[in-house]
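Heads up: the structure comes next, in structure tokens.
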Amino acid sequence: MQRLAELGFLGMLIPEQWDGLGLDASSYLLALEEIAVADASAAVLMSVHNSLAFALSEPEAGSDAASLRAQAVRDGDDWVITGAKSWVTHGTHADVILCMARTDTSDARRGAKGISTFILTPDLPGFSVGKKEDKLGLRASPTVMLNLEECRVPGDRLLGEEGQGFSYALASLDHGRLGIAAQAIGIGRAALEAAARYATERKQFGEAIASFQAIQFKLAEMATRLTAARTLLHAAAAAKERGERVTRYSSMAKLFATETAMWVTTEAVQVFGGYGYVTDYPVERHFRDAKVTTIYEGTSEVQRIVIARDLLAAVSRGDIAGHLTD
Ligand code: CAA
Numbered sequence: 002m003q004r005l006a007e008l009g010f011l012g013m014l015i016p017e018q019w020d021g022l023g024l025d026a027s028s029y030l031l032a033l034e035e036i037a038v039a040d041a042s043a044a045v046l047m048s049v050h051n052s053l054a055f056a057l058s059e060p061e062a063g064s065d066a067a068s069l070r071a072q073a074v075r076d077g078d079d080w081v082i083t084g085a086k087s088w089v090t091h092g093t094h095a096d097v098i099l100c101m102a103r104t105d106t107s108d109a110r111r112g113a114k115g116i117s118t119f120i121l122t123p124d125l126p127g128f129s130v131g132k133k134e135d136k137l138g139l140r141a142s143p144t145v146m147l148n149l150e151e152c153r154v155p156g157d158r159l160l161g162e163e164g165q166g167f168s169y170a171l172a173s174l175d176h177g178r179l180g181i182a183a184q185a186i187g188i189g190r191a192a193l194e195a196a197a198r199y200a201t202e203r204k205q206f207g208e209a210i211a212s213f214q215a216i217q218f219k220l221a222e223m224a225t226r227l228t229a230a231r232t233l234l235h236a237a238a239a240a241k242e243r244g245e246r247v248t249r250y251s252s253m254a255k256l257f258a259t260e261t262a263m264w265v266t267t268e269a270v271q272v273f274g275g276y277g278y279v280t281d282y283p284v285e286r287h288f289r290d291a292k293v294t295t296i297y298e299g300t301s302e303v304q305r306i307v308i309a310r311d312l313l314a315a316v317s318r319g320d321i322a323g324h325l326t327d
């Protein structure tokens, strides 16, 4: 991570005036894919540094993020936040964390509208890192709970406008989901490359298994789906660079790329047979790493909700022609 930071990977999208590399979304996503081919945990750390390092979810608020309960109460110039945040990537090491908490609990402003975003640092009184999750995959990337017990936050740590925190979170996710799509493609590519290599080396029935159509067709399908996922992702990135709203596009890219990664890694394990099921070869790790991409930064089901809502909003505006596909 230190080396990635020195080389600028953790600030690729930050403008040069603030010591970032000031690169565009496409360059960043290509770099992220390459890092994910080598190590999916390093890729998620790179992704959260470049898009979101945040505490949104709670034990009782996952897909329904707007039901979060952490409360921020004004006390003089400060805010005092109480609550528990879950699934915080790199929460053990992060120096800066964006935290969503409810600043208005009155009936009229319940749900998404009463949420604000705060910039937290671990030195704040009442801030502590809780349980570290023992995960199926991405085992080199720490994921933790954060406990906020009357955590006193200076007033100038409120980010943007009070009550707009949920919109900021969803806007960050529009961008973050592109990164998860790139990560998923990288994981899938690593699995495909391992499976293709293995198929030319492994002999059964007197021949390399790559000579059998059953294996060839798997490799062909894996490569085709990954190429389609990358094409969709970079179309979304190009739209972002043109300044367009990419909510639907980024959900499509994340949905398709992550489901593809899960399918490709499953097929890769199959190509390896029994050797795919043990830790002597890397594909079991790719398989485990791929799974979370269909869950975090919004499950596949949430991506379908986002896509369908956007699509139906276009229908109700009478804006169908040419607007249901990009
Ligand atoms: N950008 C900006 N604002 C947006 C937006 C977007 N893409 N989408 C919606 N909004 C605004 C809406 O306009 C609305 O504001 P107004 O009422 O003023 O118009 C407000 O946000 C609420 O929007 P919705 O009514 O659509 O909200 P909802 O409660 O119905 O939620 C949801 C919809 C799509 C299911 C959303 O809750 C969601 O995306 N859930 C998944 C959350 C998620 O991805 N969590 C992952 C956390 S990060 C993680 O995984 C850990 C990690 O570190 C990797």
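Here the sequence shown stands for residues 2 to 327, numbered as in the numbering used here.
We put the beta carbon where it would ideally sit given N, CA and C, even for glycine.
Asked, Found
"Kindly indicate which three-state DSSP category Glu302 falls into: helix, strand or coil?", "helix"
"Shorter than 7 Å, the distance from the beta carbon of Thr201 to the closest heavy atom of ligand 1, or not?", "no"
"Looking at ligand 1, does it come within less than 7 Å of Ala80, judged from the CB to the closest heavy atom?", "The residue you asked about is not Ala; residue 80 is Trp in the sequence shown. Not so, every heavy atom of ligand 1 lies at least 7 Å from the Cβ."
"Got a sec: does ligand 1 put a non-hydrogen atom nearer than 7 Å to the Cβ of Glu245?", "no"
"Just to confirm, is the Cβ distance from Arg246 to Val307 under 8 Å?", "no"
"I'd like the list of long-range same chain contacts for Val145, defined as Cβ closer than 8 Å, with 5 residues on each side in sequence excluded.", "Val89, Gly92, Thr93, Val130, Gly131, Lys132, Lys133 and Glu134"
"Looking at C-beta atoms only, is the number of pairs between the region 33-46 and the region 57-66 that lie closer than 8 Å three or more?", "no"
"Output the boundary residues of the beta strand (DSSP E) element that contains Glu136.", "In the sequence as presented, Glu is not what sits at residue 136; that position holds Lys. No beta strand (DSSP E) holds Lys136; DSSP gives it neither H nor E."
"In three-state DSSP terms, what is Arg243?", "coil"
"Could you give the DSSP three-state label for Met101: helix, strand or coil?", "strand"
"Check whether the Cβ of Glu194 lies closer than 7 Å to any heavy atom of ligand 1, and answer yes or no.", "no"
"Give me the residue from Phe119, Phe273 and Ala102 with the minimum Cα distance to Ala113.", "Ala102"
"Using CA atoms only, rank isn't needed, just tell me which of Ser107, Ser87, Ile216 and Asp105 is closest to Leu99.", "Ser87"
"Which residues mark the beginning and the end of the alpha helix (DSSP H) in which Met47 is found?", "Ala41 to Asn51"
"Are there any heavy atoms of ligand 1 lying less than 7 Å away from the beta-carbon of Ala172, as far as the coordinates show?", "yes"
"Considering just the uninterrupted stretch of the beta strand (DSSP E) at Thr261, what are its terminal residues?", "Counting along the chain, Thr261 falls outside any beta strand (DSSP E), though it belongs to the alpha helix (DSSP H) covering Thr248 to Phe273."
"On a CA-only basis, which of Lys136, Ile116 and Leu149 is nearest Thr83? Give me that one, please.", "Leu149"
"Taking 7 Å as the line, does the beta carbon of Glu298 fall inside it for any heavy atom of ligand 1?", "yes"
"Can you tell me which of Val265, Ser252, Trp80 and Gly164 puts its alpha carbon nearest to the alpha carbon of Arg190?", "Val265"
"On the DSSP letters alone, give me the boundaries of the beta strand (DSSP E) that Glu151 sits inside.", "Thr144 to Val154"
"Could you tell me if the beta carbon of Leu57 falls within a distance shorter than 7 Å of some heavy atom in ligand 1?", "yes"
"Which whole-angstrom value describes the C-beta separation of Ala238 and Leu179, a residue pair presumed to lie in contact below a C-beta threshold of 8 Å?", "6 Å"
"Please classify Ile120: does DSSP put it in a helix, a strand, or coil?", "strand"
"Would DSSP call Ser58 helix, strand or coil?", "coil"
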